[in-house]
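Structure, as C-alpha cells:
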Amino acid sequence: RVWLADDAQAGPRATDMIQRWLATTPLQAAYTRRAAPIGEAAHIDEALRACGDADVAVLASDARPAPGWLERLCACMARDPKVATATPWSNAGEAAAWPRIGEIVPIADAPARLARACERLPAPAPDLPAAVAHAVLVRGRARVALGGLDGTSYRSWYAALIDLSLRLSGMGWRNVLCQDAFVLRDDEGRAADEDMDRLSVRWPAWHAQLANFLMHDPLQAMRRQLAAELAGLDHAPPQPDLFAGSP
Numbered sequence: 002r003v004w005l006a007d008d009a010q011a012g013p014r015a016t017d018m019i020q021r022w023l024a025t026t027p028l029q030a031a032y033t034r035r036a037a038p039i040g041e042a043a044h045i046d047e048a049l050r051a052c053g054d055a056d057v058a059v060l061a062s063d064a065r066p067a068p069g070w071l072e073r074l075c076a077c078m079a080r081d082p083k084v085a086t087a088t089p090w091s092n093a094g095e096a097a098a099w100p101r102i103g104e105i106v107p108i109a110d111a112p113a114r115l116a117r118a119c120e121r122l123p124a125p126a127p128d129l130p131a132a133v134a135h136a137v138l139v140r141g142r143a144r145v146a147l148g149g150l151d152g153t154s155y156r157s158w159y160a161a162l163i164d165l166s167l168r169l170s171g172m173g174w175r176n177v178l179c180q181d182a183f184v185l186r187d188d189e190g191r192a193a194d195e196d197m198d199r200l201s202v203r204w205p206a207w208h209a210q211l212a213n214f215l216m217h218d219p220l221q222a223m224r225r226q227l228a229a230e231l232a233g234l235d236h237a238p239p240q241p242d243l244f245a246g247s248p
C-alpha cells in the first residue's frame, strides 16, 4: 500500500500529477492533503499513528529508489527482530552515504545497476548512529512502544527521526544500514530552526557520536566493496515503476 501524505504543500500542478498517477497505478494507493500545514514532524507523526503498529517506509519527497528497495528493507528488518529502523544507502545519505561518507555526490549510474551491485554485498546489517531521512523503514511495534515521533519538540522530520532513533537505541533496539538497498536523492535532509539546539539539550552526546562515526568511517570497507561490485557490472536497463513489485 502507498500513501501520499501532503501537509498542504503540493500546488495545482503537483496535485494533477498525483491524481493522474492514482488513476493508472495498479497499486492500492491513496492521497491525502491537509487543509492547512501543521509542520513536517507533526504531519509524519500523524500519518504514522494512523498506520497503527504496522511497519512503515517513509520516503523523502525527492527520493528516487532503486529497484527492490522496499523488499530489501523488509528483508533486512525480518532478519533481526531487534532492528527498529533500516536505512538504505544514498548518494546524499550522511552516515549512510555512498560513494563518500557525509557528502552529496551526483551519481550517473542507472538505479537498476546500483540495485544489482548492492545485492552482492554481505548480508549482516551494520549499525548506524541514527536512521537517515532520505528513506527509512520503521518497525511499528517499536515506534508505538516509544509513543511515536516527538512532533511537539521538533518541526523537521530530520530532527524528529534522529530523536526517535536515539530513544530506540536507548531501549535496546538497533538502527541499521540496509546494505543491499539504494535510494537516490538530490540533497540531504535539513533540520528546522532550533531543532538541532533541542537535540543537543536532550542528547548532549549526539554531535560527538555522529562526528566520531564520520571520522572513523566503519562502513569504509563496505563502501569500497560496493564501488568494486558496481565497476564489474554491465549497464542495466532503466528504472521500472517506482513501486513495482512492492508489497
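Those letters in the sequence shown? Residues 2 to 248, per the numbering used here, in order. Backbone N, C-alpha and C fix where the C-beta goes; we use that ideal spot for every residue, glycine too. All figures in this text were calculated on a predicted structure; none of them were measured in a lab.
Three-state class that DSSP yields for GLN180 in the structure shown: The residue labelled residue 180 in the question sits at position 179 within the sequence shown. Three-state result, GLN180: strand.
From what residue to what residue does the alpha helix (DSSP H) around PRO13 run? The count along the sequence shown starts at 1 and reaches residue 13 at position 12. 13–25 is the extent of the alpha helix (DSSP H) around PRO13.
Residues near VAL137 by beta carbon distance below 6 angstroms, same chain, minus five either side: For the purposes of this step, residue 137 is taken as the residue at position 136 of the sequence shown. Same-chain partners within the cutoff: VAL59, THR86, THR88.
What are the uninterrupted segments assigned as alpha helix (DSSP H) that are 4 or more residues long and contained completely in the segment 51–116, given in chain order? The segment 51–116 contains these whole alpha helix (DSSP H) runs: 70–80.
For THR26 and ILE19, I'd like the C-alpha separation in whole angstroms. Looking up residue 26 in the sequence shown gives position 25. Looking up residue 19 in the sequence shown gives position 18. Their backbone Cα atoms lie some 10 angstroms apart in a straight line.
Using a Cβ-Cβ cutoff of less than 7 angstroms, which residues in the same chain neighbour HIS208 once the five nearest sequence positions on both sides are dropped? Taking the sequence shown and counting its residues from 1, one reaches residue 208 at position 207. Excluding residues within five positions, the ones whose Cβ falls inside 7 angstroms are SER201.
Look at the Cβ atom of VAL3, then the Cβ atom of ALA30, and state whether they are nearer than 8 angstroms. For the purposes of this step, residue 3 is identified with residue 2 of the sequence shown, where counting begins at 1. For the purposes of this step, residue 30 is identified with residue 29 of the sequence shown, where counting begins at 1. Yes, these two residues count as a Cβ contact at 8 angstroms.
What's the C-alpha gap between ILE39 and PRO13? Stepping through the sequence shown from its first residue, residue 39 is reached at position 38. Stepping through the sequence shown from its first residue, residue 13 is reached at position 12. Roughly 20 angstroms between the two C-alpha positions.
Per DSSP, what kind of secondary structure is ARG35 in: helix, strand or coil? Counting from one through the sequence shown, the residue named residue 35 turns up at place 34. It is coil, neither helix nor strand.
Taking 7 angstroms as the limit between beta carbons, can you name the residues of its chain near ALA43, skipping five residues before and five after? Reading the sequence shown from its first residue, position 42 is the one you call residue 43. Result list for ALA43: GLY152, in chain order.
Report back the beta-carbon spacing between ALA143 and LEU169 to the nearest angstrom; my notes put them in contact at under 8 angstroms. Taking the sequence shown and counting its residues from 1, the one referred to as residue 143 is at position 142. Taking the sequence shown and counting its residues from 1, the one referred to as residue 169 is at position 168. With 8 angstroms as the limit, ALA143 and LEU169 qualify as a contact, their Cβ atoms being about 6 angstroms apart.
Rank ALA228, ASP7, ALA11, ALA9 by C-alpha distance to the C-alpha of GLU120 and give the top, closest one. Here residue 120 refers to the residue found at position 119 of the sequence shown. Nearest of ALA228, ASP7, ALA11, ALA9 to GLU120, Cα basis: ALA228.
Comparing alpha-carbon positions, which option in CYS77, SER157, GLY103 lies nearest GLY69? Start at 1 with the first residue of the sequence shown, and residue 69 comes out as number 68. Considering only alpha carbons, the answer is CYS77.
Tell me the DSSP secondary structure of ALA118 in three-state form. As a working mapping, residue 118 is identified with position 117 in the sequence shown. Note: ALA118 maps to helix in three-state DSSP.
Just curious, the beta strand (DSSP E) that VAL137 is in, first and last residue? Against the sequence shown, residue 137 aligns to sequence position 136. From DSSP, the beta strand (DSSP E) with VAL137 extends over 136–139.
When DSSP labels each residue in this structure, what does ARG2 get in the three-state scheme? Position 1 of the sequence shown, counting from 1, holds the residue named residue 2. If DSSP states are grouped into helix, strand and coil, ARG2 belongs with coil.
List the whole-angstrom C-beta distance separating LEU231 from ALA118, where the pair is believed to meet the contact cut-off of C-beta under 8 angstroms. Stepping through the sequence shown from its first residue, residue 231 is reached at position 230. Stepping through the sequence shown from its first residue, residue 118 is reached at position 117. Rounded, the Cβ-Cβ distance is 4 angstroms, consistent with contact.
What is the DSSP secondary structure of ARG199, counted as helix, strand or coil? Start at 1 with the first residue of the sequence shown, and residue 199 comes out as number 198. Correct three-state label for ARG199: helix.
Do LEU169 and the ligand FAD come close, with the Cβ less than 7 angstroms from some heavy atom? With respect to the ligand FAD, the structure offers nothing, as it holds no ligand at all.
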